[in-house]
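J.: Using this note's numbering, you'd call the opening residue of the sequence shown number 61 and step up by one each time.
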Amino acid sequence: TVAIMARLGMITAPRRPRATMAQIIKATKDALPCMLIPIVLLGGIFSGQFTPTEAGAVAVFLALILALIYGEMTYRDIPTLLINGALASGKVAFLIAAANIFGWIVTREKLGHTAYNWIIGLGLDTWAILLLINLLFFIAGLFIEGVAILMISVPVFVPVLPMLGIHPVTFGVLVVLLNMIGFLTPPVGVGTYIAMELAGARLEEVMRSLIPLLIPLIIMALLITYWPPITLAIPRLIFGF
């Protein structure tokens, strides 16, 4: 998407001279320690050494060590980094807390079951029901944090997937994608506020930049909904189901 936007002139992409093979090899050698971070994180998660949340803390620690080794920062910079990190994290934490409270209210009032009964009671065709499910997830993502959405929706919709002709793998991928869209859409779009803090920009500026990136995600969600082979081709090839 970014490449297409740059080609169309929608964003400014600086042009640089093509790197030589020697420059590529040198840059790769210099970046090797940083490239090991994802390997350590994924290895630790899949081996059960730490949770994804703990992996975030490990990534920050490793990045701090590498920044000191590379000379990008000094020990005197650490207090300032901690203060700035606490301020930025605190703003996001308040948003997540408010979203979780709202999610708790929705769960307590059993609004997920109410929405399900309402959808089934409409007597719509399967394609229309699937479209409504997408719409409900999109609206929920505006106000509720992703984990809360999973806790509310999965127990409600998973038992009726066979009736709707949806494979569990397809539903899982779709829910993750819709949660990612919710992660980028205010008023609770945590990703939007993180980008705003990092870029030092206003919310309006960030949203204008995000709209072209959200459109392909929405199109992909609809493709997954109505063309399941997108998500099932590789699992069937590997696992044979």
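Beta carbons are placed, not taken as given, at the ideal position from N, Cα and C, and that holds for glycine.
None of these values were measured; they are calculated from a predicted model.
Tell me which same chain residues have a C-beta within less than 6 Å of the C-beta of T230, skipping the five on either side of it?
T.: In the sequence shown, counting from the first residue as 1, residue 230 sits at position 170. Excluding positions up to five away in sequence, the list reads P288, T291.
J.: Determine, using beta-carbon pairs with one atom in the segment 236 to 246 and one in the segment 189 to 201, whether at least three such pairs fall under 8 Å.
T.: In short, these stretches touch, since the Cβ pair count reaches three.
J.: Does the segment 265 to 275 come close enough to the segment 185 to 195 that 3 or more CB-CB pairs lie under 8 Å?
T.: Output reads no: the segment 265 to 275 does not touch the segment 185 to 195.
J.: Excluding the five sequence neighbours on either side, which residues of its own chain have a C-beta within less than 7 Å of the C-beta of Y253, listed in chain order?
T.: Locating residue 253 in the sequence shown gives position 193, where the first residue counts as 1. For Y253, where only same-chain residues beyond five positions count, the Cβ hits under 7 Å are K151, V152, L155.
J.: The alpha helix (DSSP H) that contains R76, what's its start and end?
T.: Indexing the sequence shown from 1 puts residue 76 at position 16. Where R76 is concerned, there is no enclosing alpha helix (DSSP H), given that its DSSP letter is neither H nor E.
J.: Pull up the distance between the alpha-carbon of L277 and that of I193, whole angstroms please.
T.: Taking the first residue of the sequence shown as position 1, residue 277 is located at position 217. Taking the first residue of the sequence shown as position 1, residue 193 is located at position 133. About 16 Å.
J.: I'd like the ranges of any alpha helix (DSSP H) spanning at least 4 consecutive residues and lying wholly in the segment 200 to 257.
T.: Complete alpha helix (DSSP H) runs here, min 4: 206 to 217, 221 to 224, 228 to 243.
J.: Please go through the same chain and pick out, in chain order, the residues whose beta-carbon is closer than 6 Å to the beta-carbon of A305, but skip the five residues on each side of it.
T.: Missing from the structure shown is residue 305; the chain here goes from 61 to 301 and no further.
J.: By DSSP, does P139 sit in helix, in strand, or in coil?
T.: For the purposes of this step, residue 139 is identified with residue 79 of the sequence shown, where counting begins at 1. Of the three classes helix, strand and coil, the one that applies to P139 here is helix, per DSSP.
J.: Excluding five sequence neighbours on each side, which residues of the same chain lie with their C-beta closer than 8 Å to the C-beta of V233?
T.: Translated into positions along the sequence shown, residue 233 becomes position 173. Contacts found: I284, T291.
J.: Whose CA, out of A293, V266, L258, A281, lies closest to the CA of L141?
T.: For the purposes of this step, residue 141 is identified with residue 81 of the sequence shown, where counting begins at 1. Selected option, being the one with the closest Cα: L258.
J.: When the Cα of L237 is compared with those of I97, N177, I279, which residue comes out closest?
T.: If you number the sequence shown from 1, residue 237 lands on position 177. Looking at the Cα atoms, I279 is the closest of the given residues.
J.: For F121 and I138, what's the separation of their Cα atoms in angstroms?
T.: Here the question's residue 121 lines up with position 61 in the sequence shown. Here the question's residue 138 lines up with position 78 in the sequence shown. Taking the straight line from one Cα to the other gives about 12 Å.
J.: Can you tell me whether DSSP reads Q109 as helix, strand or coil?
T.: Within the sequence shown, numbered from 1, the residue matching residue 109 stands at position 49. Q109 falls in the coil class under three-state DSSP.
J.: Look at the Cβ atom of V235, then the Cβ atom of L202, and state whether they are nearer than 8 Å.
T.: The sequence position of residue 235 within the sequence shown is 175, counting from 1. The sequence position of residue 202 within the sequence shown is 142, counting from 1. No; because the gap between Cβ atoms is not below 8 Å, this pair is not in contact.
J.: Keeping to the same chain, check which residues put their C-beta closer than 7 Å to that of A208; ignore five residues upstream and five downstream.
T.: Counting from 1 along the sequence shown, the entry for residue 208 is found at position 148. Contacts found: A159, N160, G163.
J.: Given that a residue counts as buried once 16 or more other Cβ atoms are within 10 Å of its Cβ, and exposed if not, what is I226?
T.: Reading the sequence shown from its first residue, position 166 is the one you call residue 226. Label assigned to I226: buried.
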